[in-house]
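J.: From first to last, the protein sequence lines are chains L and U.
Each residue of the first sequence is one higher than the one before, starting from 1 at the first, in our numbering.
Each residue of the second sequence is one higher than the one before, starting from 199 at the first, in our numbering.
Note that CB positions come from ideal geometry on N, CA and C, so glycine has one too.
Keep in mind that this is a model prediction, so the values were computed, not measured.
Handing you this structure, nothing more for now.
Number of protein chains: 2
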Amino acid sequence: MPSVSSLDDLIEALRCLPGVGPKSAQRMAYHLLQRDPRGAERLSAALDHALKVLRRCARCNTFTEDDVCERCQSPKRDPALLCVVEMPVDLNTMEQTHAYNGLYYVLMGRLSPLDGVGPKALGFDRLLARATDGVVKEVVLATNFTNEGEATAHYISEMLHARGLRISRIARGLPVGGEIEYSDAATVAQALIERRDY
Amino acid sequence: MPSVSSLDDLIEALRCLPGVGPKSAQRMAYHLLQRDPRGAERLSAALDHALKVLRRCARCNTFTEDDVCERCQSPKRDPALLCVVEMPVDLNTMEQTHAYNGLYYVLMGRLSPLDGVGPKALGFDRLLARATDGVVKEVVLATNFTNEGEATAHYISEMLHARGLRISRIARGLPVGGEIEYSDAATVAQALIERRDY
Chain L
1 MPSVSSLDDL IEALRCLPGV GPKSAQRMAY HLLQRDPRGA ERLSAALDHA LKVLRRCARC
61 NTFTEDDVCE RCQSPKRDPA LLCVVEMPVD LNTMEQTHAY NGLYYVLMGR LSPLDGVGPK
121 ALGFDRLLAR ATDGVVKEVV LATNFTNEGE ATAHYISEML HARGLRISRI ARGLPVGGEI
181 EYSDAATVAQ ALIERRDY
Chain U
199 MPSVSSLDDL IEALRCLPGV GPKSAQRMAY HLLQRDPRGA ERLSAALDHA LKVLRRCARC
259 NTFTEDDVCE RCQSPKRDPA LLCVVEMPVD LNTMEQTHAY NGLYYVLMGR LSPLDGVGPK
319 ALGFDRLLAR ATDGVVKEVV LATNFTNEGE ATAHYISEML HARGLRISRI ARGLPVGGEI
379 EYSDAATVAQ ALIERRDY
């Protein structure tokens, strides 16, 4: 079968996207070339531009175009509260709640020994320096309730407890609107254990 | 929520990929920026390059870097046979069978009135010119057995029958290794109708 190298290169390059296998990459390449060459142009330019201008916020570690991101510079935020999340998407979800007015630290990952991601790779020294700046009073751990997220939260709490900071963890329990009948046993058990006075 | 425009632009641009919604686009953008900036660079370059050098083969309509693709130029192919497929992926699958030695015509789509894709948009005049070059004797219709693929095959056969060409359609029936018990009734019915002498 004669192959067209620039097409093969494109298909291969698309496979760097998470969750995209050979079949999807092929479908994407044909779609871009045939139906949406302008979208492809725009994607190429957006990738180029993002790689050039985006860097990490010196305070919260999220992506920004400045040295310190807009949120970390805001005087409306409570600097005594520091919420630790795994990824920028988690930060976005937290913000959508309008229930939190402190600052953030984005780990950009989670402890995952099987993938070789340890405390060093996650830059826990930077988090330590950030949390012990003298202004932060409470660190809210908002990593996911997966095994890896839990291990990450545990590690951070061990690291920071000795520094005299208040460490908290967001609550587990039934979701809003949740029905006991349709909740899994582990969640209901946790909701029982973490019950609060009413 | 302060937004970072180059990041938002990238997320928006990724949505031009088929099957990629806002959540996936976000995940892809963070993945590329954080875990695979070199992959992102490569993708941007591959898109750019493909858009620049790829065009349509003047004979079979597939993607190529030349005026006429390698396959259409091959003297080892039987020029009396022309197989019509919907997409280049279909052509690749046909080639993998090693059961066909003729040439191809790639529609780059299928009739789909609901999406506004009619005979004109699919360039049926070019297919007509290709099939009536005087060398082609048989046109093998290998569009999909979906409603749209069937309608496309029907339209093409109507268009070409009058020109004195033999028109054939690839067979329907049970897949190789298929068991009647687990096949759907429509497929078994078709396998009965299209039974052949043994």
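(1) For chain L, check one thing: does any of its Cβ atoms lie closer than 8 angstroms to the Cβ of Cys214/U?
(2) For a cutoff of 8 angstroms on Cβ pairs, would you count Ser112/L as touching chain U?
(3) Note down, in chain order, all residues in the region 339-369 of chain U with a beta-carbon under 8 angstroms from any beta-carbon belonging to chain L.
(4) By alpha-carbon positions, which one of Gly347/U, Arg269/U, Asp265/U and Glu293/U ends up nearest to Leu305/U?
(5) Along chain L, which residues have their Cβ under 9 angstroms away from the Cβ of Pro220/U?
(6) Taking DSSP as the reference, what is the three-state secondary structure of Ile167/L?
(7) What does DSSP give as the partner residue(s) for Gly102/L in the beta ladder?
(8) Using a Cβ distance threshold of 8 angstroms, determine whether the region 73-91 of chain L contacts the region 131-141 of chain L, with at least three qualifying pairs required.
(9) Let me know if Tyr303/U comes out buried or exposed under the rule of 16 or more other beta-carbons within 10 Å of its beta-carbon.
(10) Please look up how many angstroms separate the CB atoms of Val251/U and Ser6/L, rounded, as I've assumed it's under 8 angstroms.
(11) Use the C-beta contact count for Ala340/U: other C-beta atoms within 10 angstroms, 16 or more gives buried, fewer gives exposed.
(12) Run the CB neighbour count on Gly376/U, radius 10 Å, all protein chains shown included, and call it buried at 16 or more, exposed below.
(13) For Cys270/U, does the three-state DSSP call read helix, strand or coil?
(14) Spell out a yes or no on whether the region 207-226 of chain U and the region 33-48 of chain L are touching, meaning 3 or more CB-CB pairs, one atom from each, closer than 8 angstroms.
(15) Spell out whether any CB of chain U is found under 8 angstroms from the CB atom of Ser124/L.
(16) By a C-beta neighbour count over all protein chains shown, 10 Å radius and 16 as the cutoff for buried, is Glu158/L buried or exposed?
(17) Leu43/L versus chain U: which residues are under 7 angstroms apart at the beta carbon?
(18) Taking C-beta pairs closer than 8 angstroms, name the residues in chain L that Asp207/U reaches, listed in chain order.
(19) Since Glu150/L is in the alpha helix (DSSP H), which residue starts that stretch and which ends it?
T.: Taking the coordinates as given:
(1) By this cut-off, Cys214/U is an interface position.
(2) No, no contact with chain U.
(3) Close to chain L, meaning a Cβ-Cβ distance shorter than 8 angstroms, is no residue of the region 339-369 of chain U at all.
(4) The candidate whose alpha carbon is nearest that of Leu305/U is Gly347/U.
(5) The premise fails here: Pro220/U is roughly 11 angstroms from chain L at the closest Cβ pair, so nothing lies under 9 angstroms.
(6) DSSP places Ile167/L within a strand segment (E or B) once states are collapsed to three.
(7) The partner list for Gly102/L (beta bridge, DSSP) reads Asp78/L.
(8) Short answer: they touch.
(9) Of the other Cβ atoms in all chains shown, 16 or more fall within 10 Å of the Cβ of Tyr303/U; this residue is therefore buried.
(10) Correct: roughly 5 angstroms between the Cβ atoms.
(11) Sixteen is the threshold: when 16 or more other Cβ atoms of the shown chains lie within 10 Å of the Cβ of Ala340/U, as they do, the residue is buried.
(12) Classification of Gly376/U: exposed, given that the 10 Å Cβ count is below 16.
(13) Note: Cys270/U maps to helix in three-state DSSP.
(14) Because the criterion of three Cβ pairs below 8 angstroms is met, the region 207-226 of chain U and the region 33-48 of chain L touch.
(15) The residue you asked about is not Ser; residue 124/L is Phe in the sequence shown. False, the Cβ-Cβ gap to chain U never drops below 8 angstroms.
(16) Of the residues assessed, Glu158/L falls on the exposed side of the cut-off, its CB having fewer than 16 other CB atoms within 10 angstroms.
(17) Those are Ala211, Leu212, Cys214 and Leu245, listed as they occur along chain U.
(18) Ordered by position in chain L, the residues that pass the 8 angstroms Cβ test against Asp207/U are Ala46, His49 and Ala50.
(19) Here the alpha helix (DSSP H) through Glu150/L covers Asn147 to His161.
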